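Using numbering that gives the first Met the number 0, you'd call the opening residue of the sequence shown number 0 and step up by one each time.
We put the CB at the ideal spot given by N, CA and C, even for glycine.
Please read these numbers as outputs of a predicted model, since none were measured by experiment.
Beneath this line is the structure, given in structure tokens, with notes to follow.
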Amino acid sequence: MDGNITGTTASEIAASVRALHERGALRRGDALPPVRELAAQLRVNRSTTVAAYRLLAQAGVVTARGRAGTVIAGIEAVAQEGYAQDSILRDIGTGNPDAGRIPDLTAAPAGAIGRPVLYGEHVIDPALEQR
0 MDGNITGTTA SEIAASVRAL HERGALRRGD ALPPVRELAA QLRVNRSTTV
50 AAYRLLAQAG VVTARGRAGT VIAGIEAVAQ EGYAQDSILR DIGTGNPDAG
100 RIPDLTAAPA GAIGRPVLYG EHVIDPALEQ R
């Protein structure tokens, strides 16, 4: 294997394996380290490694073969699960637009300030009133 698996949570470990697969460091049929061995290497609980391997199996990245171990499945690496490789992902988690795209509106109300809109103005246009 051309690289090391890293992480301390199941999702970090799974992301590390996925990244190694995407880089080509892990290829179809390559065996992942046994659960106990990887847990000891990363200094995490064995159940964390089991959860990481389960995430990878659910995503189709690996195939679990019981006591024979876990191997990289025969699929192409997908950069972002659930999206086409050429798609552009945008973070919309905050729901706020990019501040650089909002126009400066400070000058917009300047014409309305100090000018009564309804009260104190003629309701009828003075030019029409004289007719």
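TODO: Assign residue 12 to one of three DSSP states: helix, strand, or coil.
DONE: By one-based count along the sequence shown, residue 12 stands at place 13. In this structure, residue 12 counts as helix in the three-state DSSP scheme.
Task: DSSP three-state assignment for residue 43, whether helix, strand or coil - done: To locate residue 43, count along the sequence shown from 1; it is residue 44. In this structure, residue 43 counts as coil in the three-state DSSP scheme.
Open item on the list: With a threshold of 8 Å, are at least 3 pairs of Cβ atoms found where one atom belongs to the segment 46 to 53 and the other to the segment 25 to 37?
Closed with: yes
TODO: Return the chain-ordered list of same chain residues with a C-beta closer than 6 Å to the C-beta of residue 76, the five sequence neighbours on each side being excluded.
DONE: Position 77 of the sequence shown, counting from 1, holds the residue named residue 76. The predicted position of residue 76 is uncertain, since its pLDDT is 49 and thus under 50; a value taken from the coordinates is nonetheless stated next. If we look at residue 76 and ignore the five residues flanking it on each side, its Cβ neighbours are 20 and 21.
Task: Identity of the residues DSSP links to residue 71 by a beta bridge - done: Taking the sequence shown and counting its residues from 1, one reaches residue 71 at position 72. In the DSSP output, where bridge partners are listed per residue, residue 71 has 61.
Task: Residue(s) in a DSSP beta bridge with residue 30 - done: Within the sequence shown, the letter at position 31 stands for residue 30. Answer is 70.
Task: Local conformation of residue 6 per DSSP, three classes - done: Residue 6 sits at position 7 when you count from the first residue of the sequence shown. In the structure shown, residue 6 sits in coil (DSSP, three-state: anything other than H, G, I, E or B).
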